[in-house]
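Peer 1: Pasting a structure here, questions to come.
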Amino acid sequence: MPCLNLLTIFNPSNYWRSGYVTIPWQPLAQQWQISPAELVLSDLRDLARTPIKAQIDRVDPEDSSRDTLVFALEKPIPPSSEDDVLASGFIRVDRGKPIPTKLNEPFLEVVYGTDGRERGVRLVNDRLIVWFNLIPAPEDNGRNWFSGSATSVQLDHQEVLDPVRAAMGEWLGQDPEKRCMQVSELQLPGASHPKSPYYQVSLFNHAYRLVTQSSGAVRASITIASEPFDYLGADPVTGQNRHLICELYRVISLYAGANYLIEELFVKGKPKNPEDKIGNGPELVNLPFGLNYFAYMNMGKTQEIEQVFPVPDWFAVGSMNPPYAAYGLATSLHIEAIAHPHHGNYNCFSWQLLPGYAAKCLHLFMRGQPDGFDTTVGHCWYELIYKPLQAEIYQDQDIESEGWGVGSGLVPVVEGH
1114 MPCLNLLTIF NPSNYWRSGY VTIPWQPLAQ QWQISPAELV LSDLRDLART PIKAQIDRVD
1174 PEDSSRDTLV FALEKPIPPS SEDDVLASGF IRVDRGKPIP TKLNEPFLEV VYGTDGRERG
1234 VRLVNDRLIV WFNLIPAPED NGRNWFSGSA TSVQLDHQEV LDPVRAAMGE WLGQDPEKRC
1294 MQVSELQLPG ASHPKSPYYQ VSLFNHAYRL VTQSSGAVRA SITIASEPFD YLGADPVTGQ
1354 NRHLICELYR VISLYAGANY LIEELFVKGK PKNPEDKIGN GPELVNLPFG LNYFAYMNMG
1414 KTQEIEQVFP VPDWFAVGSM NPPYAAYGLA TSLHIEAIAH PHHGNYNCFS WQLLPGYAAK
1474 CLHLFMRGQP DGFDTTVGHC WYELIYKPLQ AEIYQDQDIE SEGWGVGSGL VPVVEGH
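Per the working numbering, the sequence shown starts with residue 1114, numbered consecutively.
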């Protein structure tokens, strides 16, 4: 019987689910020697081998371990067992011709200035149009505090960041301060000697560079990096002071049909001088960091920010006036503090995340939902951040010889998977 290249799929919920799956690409490429250009995935239960939507994204050209395979499960799959002995299904991995590009797939456009530098990126699917700004002063004036923010978010062709004016048909008269998703500051570990609590870096007025971009049947995605900054602080392994040149990396993805963006963040440092290297240790250093987000959304009178304890990993804020625009954040890091109004301005919101080596955040945009928007954010946090669908390489490739067949709902996983 021929060998099969398979991925085992796990649904950690107690109900049937569909959705997106992400998995590091490098181990798969090493195992199966399949190039991205010839990768075809299909559900093992589908005897017709209908290709499912998939793509491979290069997140960081300097680090191939971050290459990611992402694919869509459009048909719901059953729950797996709590101990992962019973899986939810299998995905067949073949060589062939990928699904042709379609017109309604997510895409992006990069806008360049006269100096050849990237000014911003437009991310588009059939629900959202997001303008993400990379430079401090997008209007080329003295207002230079817009770096790394989405300065326009249109949900179903209506602006969410200034929804009342948008509902009245105004565009040029919208609030010029509007923006969201802005990382205003970073906090990194302070120096060991003398002892310092943290090292703070402001980012709102420093440009980002576009590291890489990708688009396909599943999502449109960009990786951007902050302007490099000097860091003199404690090495996360040795605890000794090191002088590094660091950048904040942000991977921002818009999925097909989604009214949200997924953002993944990490800080990467390199030794500034030869004496800052540690023996034969790695050249690149991943540092723990805390985040301060800022948003300016002119939504009129808003309800109190909803945050659930004792798991403070998401919150929601919504307008009390038509068209009832709402925004929600869900994160893999705990939210330490939320400020609304920010410095007395009810249009301003800021929040701080507790430190970690990586952060995954969901930015959700809603409209026409006067009640229950907080529940929607909590559900997205559970499925997309806390308990996402999982995949891994199946080790026993001849599963049909086990006698379980390919049409059953739950199938056994070999121990040691």
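For each residue, glycine too, the CB sits at the ideal point set by N, CA and C.
All values reported here derive from a predicted model rather than from experimental measurement.
Can you check which of these residues, N1118, R1130, D1156 and H1306, is closest to I1147 by C-alpha distance?
Peer 2: Locating residue 1147 in the sequence shown gives position 34, where the first residue counts as 1. For the residues N1118, R1130, D1156 and H1306, the minimum Cα distance to I1147 belongs to N1118.
Peer 1: Taking the straight line between their C-alpha atoms, what separation do you get for S1521 and F1184?
Peer 2: In the sequence shown, counting from the first residue as 1, residue 1521 sits at position 408. In the sequence shown, counting from the first residue as 1, residue 1184 sits at position 71. With a pLDDT of 38 at S1521, under the threshold of 50, the modelled position of that residue is not reliable, and the figure given next carries that caveat. Between S1521 and F1184, the C-alpha separation is close to 22 Å.
Peer 1: Can you list, in chain order, the residues of its chain whose CB lies under 6 Å from that of Q1503, leaving out five sequence neighbours each side?
Peer 2: Counting from 1 along the sequence shown, the entry for residue 1503 is found at position 390. Counting only Cβ-Cβ distances below 6 Å, and skipping sequence neighbours, we find F1123.
Peer 1: According to the neighbour-count rule (16 or more other Cβ atoms, all chains shown, within 10 Å of its Cβ), is V1364 buried or exposed?
Peer 2: Within the sequence shown, the letter at position 251 stands for residue 1364. Answer is buried; the Cβ neighbour count reaches 16.
Peer 1: In the DSSP assignment, what are the bridge partners of R1292?
Peer 2: In the sequence shown, counting from the first residue as 1, residue 1292 sits at position 179. R1292 is bridged to Y1409.
Peer 1: Could you tell me if E1360 is buried or exposed, where buried requires 16 or more neighbouring beta carbons within 10 angstroms of its beta carbon?
Peer 2: Numbered from its first residue, the sequence shown carries residue 1360 at position 247. By the beta-carbon neighbour count (other beta carbons within 10 angstroms, threshold 16), E1360 is buried.
Peer 1: Below 8 Å on the Cβ atoms is my guess for S1155 versus I1169; work out the distance and round it to an integer in Å.
Peer 2: Here residue 1155 refers to the residue found at position 42 when the sequence shown is read from its first residue. Here residue 1169 refers to the residue found at position 56 when the sequence shown is read from its first residue. Actually they do not touch by this definition, with Cβ atoms about 16 Å apart.
Peer 1: Taking C-beta to C-beta, are W1244 and T1264 nearer than 8 Å?
Peer 2: As a working mapping, residue 1244 is identified with position 131 in the sequence shown. As a working mapping, residue 1264 is identified with position 151 in the sequence shown. Going by C-beta atoms, W1244 is nearer than 8 Å to T1264.
Peer 1: Just how far apart, CA to CA, sit R1171 and V1324?
Peer 2: Within the sequence shown, the letter at position 58 stands for residue 1171. Within the sequence shown, the letter at position 211 stands for residue 1324. C-alpha separation (whole angstroms): 10 Å.
Peer 1: Give the range of the alpha helix (DSSP H) segment to which R1278 is assigned.
Peer 2: Taking the first residue of the sequence shown as 1, we reach residue 1278 at position 165. Unbroken alpha helix (DSSP H) run through R1278: P1276 to A1280.
Peer 1: On the three-state DSSP scale, how would you describe N1127?
Peer 2: As a working mapping, residue 1127 is identified with position 14 in the sequence shown. Three-state result, N1127: coil.
Peer 1: State the beta-bridge partners of W1244 as determined by DSSP.
Peer 2: Position 131 of the sequence shown, counting from 1, holds the residue named residue 1244. Partner(s): R1235 and S1265.
Peer 1: Using a Cβ-Cβ cutoff of less than 8 Å, which residues in the same chain neighbour N1372 once the five nearest sequence positions on both sides are dropped?
Peer 2: Counting from 1 along the sequence shown, the entry for residue 1372 is found at position 259. These residues qualify, in order along the chain: R1240, L1241, L1268, L1477, F1478 and M1479.
Peer 1: With DSSP collapsed to three states, give me the class of I1498.
Peer 2: Residue 1498 sits at position 385 when you count from the first residue of the sequence shown. In this structure, I1498 counts as helix in the three-state DSSP scheme.
Peer 1: What residues in its chain sit with their C-beta under 6 Å from that of H1453, if we drop five residues either side in the sequence?
Peer 2: Indexing the sequence shown from 1 puts residue 1453 at position 340. Taken in chain order, the residues that qualify are I1418 and F1462.
Peer 1: Quick one: Cα of Q1232 to Cα of N1254, how far?
Peer 2: Reading the sequence shown from its first residue, position 119 is the one you call residue 1232. Reading the sequence shown from its first residue, position 141 is the one you call residue 1254. Here residue 1232 is Arg; the residue named in the question, Gln, does not match the sequence. Answer to the nearest angstrom: the Cα atoms are 14 Å apart.
Peer 1: How should E1187 be labelled, buried or exposed, when 16 other C-beta atoms within 10 angstroms of its C-beta is the threshold for buried?
Peer 2: The residue you call residue 1187 lines up with position 74 of the sequence shown. Counting Cβ neighbours within 10 Å, E1187 comes out exposed, since fewer than 16 surround it.
Peer 1: Taking P1387 as the reference, which of I1358, N1411, A1408 and C1474 has the closest Cα?
Peer 2: Along the sequence shown, one-based indexing puts residue 1387 at 274. Nearest of I1358, N1411, A1408 and C1474 to P1387, Cα basis: I1358.
Peer 1: Compare the Cα-Cα distances from Y1499 to each of L1466, Y1437, W1427 and M1433 and report the closest residue.
Peer 2: By 1-based counting over the sequence shown, the position of residue 1499 is 386. Answer by Cα proximity: W1427.
Peer 1: Do P1302 and A1347 come within 8 Å of each other at the CB atom, strictly closer than that value?
Peer 2: Along the sequence shown, one-based indexing puts residue 1347 at 234. Along the sequence shown, one-based indexing puts residue 1302 at 189. Cβ distance < 8 Å, so A1347 and P1302 count as in contact.
Peer 1: Can you give me the C-alpha to C-alpha distance between P1191 and F1203, rounded to a whole angstrom?
Peer 2: The count along the sequence shown starts at 1 and reaches residue 1191 at position 78. The count along the sequence shown starts at 1 and reaches residue 1203 at position 90. So the alpha carbons of these two residues sit roughly 12 Å apart.
Peer 1: Could you have a look at D1207 and say whether DSSP puts it in helix, strand or coil?
Peer 2: The residue labelled residue 1207 in the question sits at position 94 within the sequence shown. In this structure, D1207 counts as strand in the three-state DSSP scheme.
Peer 1: Among W1258, R1322, K1383 and T1444, which has the Cα closest to the Cα of V1223?
Peer 2: In the sequence shown, the residue the question calls residue 1223 occupies position 110. Minimum Cα distance to V1223 is reached at R1322.
Peer 1: So T1489 is in the beta strand (DSSP E); what residue range does that whole segment cover?
Peer 2: By one-based count along the sequence shown, residue 1489 stands at place 376. Careful: T1489 lies outside any beta strand (DSSP E), inside the alpha helix (DSSP H) at F1486 to C1493.
Peer 1: Enumerate in chain order the residues of its own chain whose CB-to-CB distance from G1413 is below 6 Å, with the five nearest sequence positions on each side excluded.
Peer 2: As a first step, residue 1413 must be located in the sequence shown, where it is residue number 300. Same-chain partners within the cutoff: V1277, S1432 and N1434.
Peer 1: Can you give the Cα-Cα distance for A1200 and P1125, rounded to whole angstroms?
Peer 2: By 1-based counting over the sequence shown, the position of residue 1200 is 87. By 1-based counting over the sequence shown, the position of residue 1125 is 12. For A1200 and P1125, the distance between alpha carbons rounds to 10 Å.
Peer 1: What are the boundary residues of the alpha helix (DSSP H) that includes W1258?
Peer 2: Taking the sequence shown and counting its residues from 1, the one referred to as residue 1258 is at position 145. W1258 -> no alpha helix (DSSP H), and no H or E assigned at all.
Peer 1: According to DSSP, which residues form a beta bridge with W1464?
Peer 2: The sequence position of residue 1464 within the sequence shown is 351, counting from 1. Answer is Y1406 and I1451, bridged to W1464.
Peer 1: Please report how far the alpha carbon of D1511 lies from the alpha carbon of T1163, in whole angstroms.
Peer 2: Position 398 of the sequence shown, counted from the start, is the residue given in the question as residue 1511. Position 50 of the sequence shown, counted from the start, is the residue given in the question as residue 1163. With a pLDDT of 41 at D1511, under the threshold of 50, the modelled position of that residue is not reliable, and the figure given next carries that caveat. Going from the Cα of D1511 to the Cα of T1163 covers about 21 Å.
Peer 1: Count the CB pairs spanning the region 1298-1313 and the region 1129-1138 that are closer than 8 Å, and state whether there are at least three.
Peer 2: no
Peer 1: Measure the alpha-carbon distance for K1086 versus Q1139 and round it to whole angstroms.
Peer 2: Here the chain comprises residues numbered 1114 to 1530, so residue 1086 is not present and cannot be evaluated.
Peer 1: Could you tell me the boundaries of the alpha helix (DSSP H) in which A1371 lies?
Peer 2: Residue 1371 sits at position 258 when you count from the first residue of the sequence shown. Per DSSP, A1371 belongs to no alpha helix (DSSP H) and is neither H nor E.
Peer 1: Would you kindly work out how many angstroms separate the C-alpha atoms of D1228 and F1317, rounded to a whole number?
Peer 2: If you number the sequence shown from 1, residue 1228 lands on position 115. If you number the sequence shown from 1, residue 1317 lands on position 204. Distance between the alpha carbons of D1228 and F1317: 21 Å.
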